[in-house]
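Colleague:
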DNA sequence: ATGAACAGTTCTTATCATGAACCATAGAGG
DNA sequence: CCTCTATGGTTCATGATAAGAACTGTTCAT
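Protein chains in written order, with the numbering used here: chain D, 1084 to 1225; chain Z, 1084 to 1225.
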């Protein structure tokens, strides 16, 4: 690995870490308007784009331990935004669904999230925009 | 905004959020080997690529409130990895520096971080790789 | 039936997040 | 030389998050 390579790698690392903070911090900003924490905000967004989700899948999406997720769902349920529903087919699994209020909040926040991400990538050249999703998915799926 | 646009935006949002989790979770994985939390790991990495840093700059880089950063620096200092040093020119500011042990840990973890990020982007076509840093920086700097 | 695997919960401990109040220092202007 | 204001950090209190271990129920294959 040459000097130039190292430097480039270091800059890429800085950039990617900065971007990641930027993206996840959005949930903070956006949630604040609804008096939600970042995690609660991401939770309702994750649910609304999937309609209803298993706890275990939520854990994977949000990178949370199951014990941790239990607490988050507790707090968000107490806030009246979501509810748990047992799967009658397999009574071990529980689905998370939005309440009516939860749906409203989630619609608003998720809309804001996608709007901001859109604004972010809007600065990029058109052909890069088109391939960006694919590129990012490819990066992540490993 | 058309239907197709909306769908594309939604997928992009999922992808970017997934990538961000992936990137920041790295600090978790890598830190675990050294019995460090994700934040402590990112802290020492942030210091080693900048040699010494003001508290206030660290807060910006890591998206932390100053009170929060104070605690993190406390804990990491207690672990023996960093130390604070007052700026004699302006006695309000304090710089964070690595101890000898901190430098070793930071070198190892930072190397691992860049290696993993490199592996991530290695899957991408060459011309995308070349422009990626620039693209990501442009996305973030707004 | 029995036992292994799975999905969630609960508990404990340390860490992190946030805002408000606070302290010390620096840099004006009068 | 004094205020006044701004700045950089710390401290404190409270709630939220992280991680692991032990536990409850449920399913499924012997």
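No residue lacks a Cβ here, since even glycine has one placed at the ideal position from N, Cα and C. In this text, all values refer to a predicted model and were calculated from it rather than measured experimentally.
Mind checking whether the beta-carbon of residue 1170 (chain Z) lies closer than 7 Å to any heavy atom of the ligand NAD?
Modeller: This structure lacks the ligand NAD, and indeed carries no ligand of any kind.
Colleague: When you compare each of Z:1217, Z:1224 and Z:1222 to residue 1094 (chain D) by their alpha carbons, which one comes out closest?
Modeller: Ranking Z:1217, Z:1224 and Z:1222 by Cα distance to residue 1094 (chain D) puts Z:1217 first.
Colleague: Return the chain-ordered list of same chain residues with a C-beta closer than 8 Å to the C-beta of residue 1113 (chain Z), the five sequence neighbours on each side being excluded.
Modeller: 1124, 1192, 1195, 1196 and 1199.
Colleague: Do residue 1099 (chain Z) and residue 1219 (chain D) count as a contact pair if the criterion is CB distance below 8 Å?
Modeller: In this structure, residue 1099 (chain Z) lies closer than 8 Å to residue 1219 (chain D) by Cβ.
Colleague: Within a Cβ cutoff of 6 Å, which residues of the same chain sit near residue 1104 (chain D), ignoring the five residues on either side of it in sequence?
Modeller: For residue 1104 (chain D), where only same-chain residues beyond five positions count, there are no Cβ hits under 6 Å.
Colleague: On the DSSP bridge assignment, give the partners of residue 1165 (chain Z) in chain order.
Modeller: Its beta-bridge partners are Z:1181.
Colleague: Is it buried or exposed for residue 1213 (chain D), if we count other Cβ within 10 angstroms and need 16 for buried?
Modeller: Result: exposed.
Colleague: Just to confirm, are residue 1144 (chain Z) and residue 1179 (chain Z) a CB contact at a threshold of 8 Å?
Modeller: Contact: no.
Colleague: Confirm, please, whether the CB-CB distance from residue 1174 (chain Z) to residue 1156 (chain Z) is below 8 Å.
Modeller: The answer is no: Cβ separation not under 8 Å.
Colleague: Should residue 1120 (chain Z) and residue 1101 (chain D) be called a contact, given that it needs their Cβ atoms to be closer than 8 Å?
Modeller: It is not a contact, given that the beta carbons lie outside the stated cut-off.
Colleague: Buried or exposed: where does residue 1096 (chain D) fall if 16 or more other Cβ atoms within 10 Å of its Cβ makes it buried?
Modeller: So residue 1096 (chain D) ends up on the buried side.
Colleague: Just to confirm the assignment, what range does the alpha helix (DSSP H) spanning residue 1216 (chain D) have?
Modeller: Start and end: 1209-1223.
Colleague: What is the DSSP secondary structure of residue 1175 (chain D), counted as helix, strand or coil?
Modeller: Coil, per DSSP.
Colleague: Are residue 1207 (chain D) and residue 1188 (chain D) touching if we call contact CB-CB under 8 Å?
Modeller: Cβ distance not < 8 Å, so residue 1207 (chain D) and residue 1188 (chain D) don't count as in contact.
Colleague: Closer than 8 Å by beta-carbon distance: list the chain D residues that pair up with residue 1092 (chain Z), in chain order.
Modeller: Going along chain D in sequence order, the residues near residue 1092 (chain Z) (Cβ under 8 Å) are 1197, 1200 and 1201.
Colleague: Just how far apart, CA to CA, sit residue 1162 (chain D) and residue 1128 (chain D)?
Modeller: Approximately 15 Å between the Cα atoms of the pair.
Colleague: Taking residue 1169 (chain D) and residue 1177 (chain D) to be in contact with their CB atoms under 8 Å, please state how far apart those CB atoms are, rounded to whole angstroms.
Modeller: That belief holds up - the Cβ atoms of residue 1169 (chain D) and residue 1177 (chain D) are roughly 5 Å apart, short of 8 Å.
Colleague: Quick check: what's the CA-CA separation for residue 1116 (chain Z) versus residue 1186 (chain D)?
Modeller: If you take the alpha carbons of residue 1116 (chain Z) and residue 1186 (chain D), they lie about 41 Å apart.
Colleague: So what's residue 1188 (chain D) in DSSP terms, helix, strand or just coil?
Modeller: Note: residue 1188 (chain D) maps to helix in three-state DSSP.
Colleague: Name the DSSP bridge partner or partners of residue 1136 (chain D)?
Modeller: D:1179, per the DSSP bridge assignment.
Colleague: Among the residues of its own chain, which have a CB less than 6 Å from the CB of residue 1134 (chain D), if the five just before and after it don't count?
Modeller: So the list is empty, once near-sequence residues are dropped.
Colleague: Give me the subset of the stretch 1097-1123 of chain Z whose CB atoms are less than 8 Å from a CB atom of chain D, sorted by chain position.
Modeller: For the stretch 1097-1123 of chain Z, which is checked against every Cβ of chain D, the residues closer than 8 Å are 1097, 1098, 1099, 1100, 1101, 1102, 1103, 1104, 1105, 1106, 1107 and 1108.
Colleague: Please determine, among Z:1172, Z:1126, Z:1132 and Z:1171, the residue with the shortest C-alpha to C-alpha distance to residue 1153 (chain Z).
Modeller: Closest by alpha carbon: Z:1126.
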